[in-house]
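Student:
Chains as they are written, first to last, in my numbering: chain F, 30 to 341; chain V, 494 to 821.
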């Protein structure tokens, strides 16, 4: 009835619209093709005895070509549903294609297994969650960001900003007694003569804490370029820098704390007033007062204590 | 400098002309050499002009300086140069220093627990699954820099699970270093007990080994400097950063960690400082990594990109239209 060889000859040598030629393989785009390659044995058009396994929405069917119906193209392929169980499906194929050539039977089973495998993988991927989303890199944006970052770096003047901030904190007395600078000593002496107040340790500690808050307050006074926010929050964070007795200080410390709060008592006052919400327990202080912390340094404790006593 | 700049075009031009001029007739070479001459003349003229301009500018500056000196107080005020920070677009969310509403909000937000000293920071650093060397290096550096932090290598665990487990183990912060093409390119910073989550893009990163004259870090608790976080958004972000570090910096360690915001780029620096000249100057020795971050989005609640509530997202087309508009 059908001359397969003639058909194959014509299709192969001539034009087959399902054929895709690539180096080194030829592929067949026919949807009923068993292997996807353009071969004599795989061509669905030039084999009168042919079968495939296809899946629709996850359901597997065995399509067998009934060549007697070749003039009814719609009824050419006979569809049998295969069971979900793989072993059973394989048996079904053997059963349906009994007495068929080895090649087709073997390839059908192989195709069945492959389809099952990719269906399983699809299900796993669905359950697993989102895959990594690939976000393309936009070159223009990247270049622009790099350039803007460079300019921002120059405008930031990081080193000077950090230095300024640190010096501010030093001036404000957040570091307390660690640093002993002669210039400060001079200031200290002056202040000392001016005020004589008994400062208890608690107060001093509070003072320091409050001083920290001051540090943030800079925005009030300093230049617009650098407004240190993060004041309350951060300063509270960096609050107490002293648990008085313990710090192992390598530096044989200054006897006195650094310098009194200084240039900004007035402005700070207003500011601090507000600040006190969180620390309601603290005594309201705020005048030019010098923090005095009794710290016993490992190096020369006796001396310091003595000096402290003298002051009081 | 100008010499080098001028030399380049000349030499290239000469080489070109020499290539062409060899086998060709004399007319062409004459033409080329005349062009060469005119170009050299132009370069020299250009240089002369530039020098003149610079000299004129110097003169004007000196004149102004003299005027200022002589007049003293009555001199016309120094002109302020126009900078991008000066001409920044007015942002409705800029925080005034004594804004009660802001202070009230901050006293009750998720990070208030840290600031009220109820919790001490405990940071968990993790990374994309199966991360590469660079990311691990970066994580080691972060671990050195942030006290009380630990690295956890994620082998395919979903991030939400990580968050849950970390909360159970009482971590206060989670840092996830995101990787792309074998290099770290983003940081997810999540404050743990249902705190906000922020995603930053790492724009540039330099390890400590690559920095010149780098110093060795110590394990003292560092001080934190947070500069220039002016808006409400900036405040939140700054507080998140502050939550990473423990409360009581050891001033004797003289270590300072700076996060400086400039035009929406947050620069991270880590220094050791020393006061010199009787406390009028501070010398800085750089330690540790140096990187820049840019905030991409901020989300209320812990990491949940699908159904979380975003407080702020950088939408390029809407937000990056103006060069004077910044959000942090």
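Backbone N, C-alpha and C define an ideal beta-carbon position, used for all residues, glycine too.
1. Hey, quick one: how far does the beta strand (DSSP E) through residue 13 of chain F stretch, first residue to last?
2. Using C-beta distances below 6 angstroms, list every residue in its chain close to residue 696 of chain V, excluding the 5 sequence neighbours before and after it, in chain order.
3. Report back the beta-carbon spacing between residue 749 of chain V and residue 191 of chain F to the nearest angstrom; my notes put them in contact at under 8 angstroms.
4. Return the first residue and the last residue of the alpha helix (DSSP H) that residue 745 of chain V is part of.
5. Within 8 angstroms (strictly less), CB to CB, does residue 155 of chain F reach chain V?
6. Determine the extent of the beta strand (DSSP E) in which residue 35 of chain F is found, giving its start and end residues.
7. Sort out for me which residues DSSP pairs residue 752 of chain V with in a bridge.
8. Between the region 628-646 of chain V and the region 594-605 of chain V, do at least 3 Cβ pairs fall closer than 8 angstroms?
9. Just to make sure I have the definition right: I need the residues of chain V whose C-beta is within less than 7 angstroms of the C-beta of residue 199 of chain F. Which are they?
10. Please report the straight-line C-alpha distance between residue 74 of chain F and residue 147 of chain F, rounded to a whole angstrom.
11. Run down chain F in chain order and give the residues with a C-beta less than 7 angstroms from the C-beta of residue 700 of chain V.
12. From what residue to what residue does the beta strand (DSSP E) around residue 727 of chain V run?
13. Roughly how far, in whole angstroms, is the beta-carbon of residue 677 of chain V from the beta-carbon of residue 628 of chain V, given that I think they are within contact range, below 8 angstroms?
14. According to DSSP, is residue 821 of chain V part of a helix, a strand, or is it coil?
15. Is residue 650 of chain V close to chain F, meaning its C-beta is less than 8 angstroms from at least one C-beta of that chain?
16. Would you please state the rounded distance, in angstroms, between the beta carbons of residue 140 of chain F and residue 63 of chain F? I believe it to be under 8 angstroms.
17. Give the interface partners of residue 182 of chain F over in chain V, defined as CB-CB distance under 8 angstroms, in chain order.
18. Along the alpha helix (DSSP H) that carries residue 81 of chain F, what are the first and last residues, could you check?
19. Does the pairing of the region 803-817 of chain V with the region 573-584 of chain V give three or more beta-carbon distances under 8 angstroms?
20. Just how far apart, CA to CA, sit residue 160 of chain F and residue 99 of chain F?
21. Could you give the C-beta distance for residue 118 of chain F and residue 111 of chain F, rounded to a whole number, given that I count them as a contact under 8 angstroms?
22. Got a sec: does the ligand COA put a non-hydrogen atom nearer than 7 angstroms to the Cβ of residue 793 of chain V?
23. Here's the rule I'm using: 16 or more other beta-carbon atoms within 10 Å means buried, otherwise exposed. How should residue 783 of chain V be labelled?
24. Taking Cβ positions only, does residue 163 of chain F come closer than 8 angstroms to chain V?
25. The beta strand (DSSP E) that contains residue 776 of chain V, what's its start and end?
26. Quick one: what's got a C-beta closer than 8 angstroms to residue 769 of chain V's C-beta in the same chain, skipping five residues either side?
27. Please classify residue 54 of chain F as buried or exposed, where buried requires at least 16 neighbouring CB atoms within 10 angstroms.
28. Going by the CB atoms, is the gap between residue 778 of chain V and residue 789 of chain V shorter than 8 angstroms?
29. Could you list the residues in the region 674-704 of chain V with a C-beta less than 8 angstroms from some C-beta on chain F, going in chain order?
30. Measuring CB to CB, does residue 736 of chain V end up less than 8 angstroms from residue 614 of chain V?
31. Residue 825 of chain V and residue 763 of chain V look like a contact to me (Cβ under 8 angstroms); what is the Cβ gap, rounded to whole Å?
32. Since residue 651 of chain V contacts residue 158 of chain F with CB under 8 angstroms, what's their CB separation in whole angstroms?
33. Give me the chain F residues within the contact set of residue 777 of chain V, using Cβ-Cβ distance strictly less than 8 angstroms, ordered along the chain.
34. Here's the rule: buried if 16 or more other CB atoms are within 10 angstroms of the residue's CB, otherwise exposed. What is residue 86 of chain F?
35. Taking residue 605 of chain V as the reference, which of V:643, V:688, V:581 has the closest Cα?
36. Kindly say whether residue 744 of chain V, judged by its beta-carbon, lies nearer than 8 angstroms to any beta-carbon of chain F.
Tutor: Result, derived from the coordinates:
1. Past the boundaries of the shown model lies residue 13 of chain F; chain F is included only from 30 to 341, so the question cannot be answered.
2. Cβ within range, chain order: 785, 787.
3. 7 angstroms
4. Note, residue 745 of chain V: premise wrong, no alpha helix (DSSP H); not H, not E.
5. no
6. No beta strand (DSSP E) contains residue 35 of chain F, which is instead part of the alpha helix (DSSP H) from 33-42.
7. Beta-bridge analysis with DSSP links residue 752 of chain V to V:719, V:761.
8. no
9. Within 7 angstroms Cβ-Cβ: 768, 772.
10. Their backbone Cα atoms lie some 27 angstroms apart in a straight line.
11. The contacting residues do not exist; residue 700 of chain V stays about 18 angstroms from chain F at best.
12. Per DSSP, residue 727 of chain V lies in no beta strand (DSSP E); the unbroken alpha helix (DSSP H) holding it starts and ends at 725-735.
13. Cβ-Cβ separation between residue 677 of chain V and residue 628 of chain V: approximately 5 angstroms, consistent with a contact (criterion under 8 angstroms).
14. coil
15. The beta carbon of residue 650 of chain V does not come within 8 angstroms of any beta carbon belonging to chain F, so the residue lies off that interface.
16. 6 angstroms
17. 755, 758, 760, 785
18. Not the alpha helix (DSSP H): residue 81 of chain F falls in the beta strand (DSSP E), residues 80-85.
19. yes
20. 46 angstroms
21. Confirmed, about 4 angstroms.
22. No copy of the ligand COA occurs in the structure displayed, which carries no ligand at all.
23. buried
24. no
25. 774-793
26. 775, 776
27. exposed
28. no
29. 696, 697
30. Yes, Cβ-Cβ distance for residue 736 of chain V and residue 614 of chain V is below 8 angstroms.
31. Nothing about residue 825 of chain V can be read from this structure; chain V reaches only from 494 to 821.
32. 7 angstroms
33. 188, 191, 192
34. exposed
35. V:688
36. Residue 744 of chain V belongs to the set of residues whose beta carbon lies under 8 angstroms from a beta carbon in chain F.
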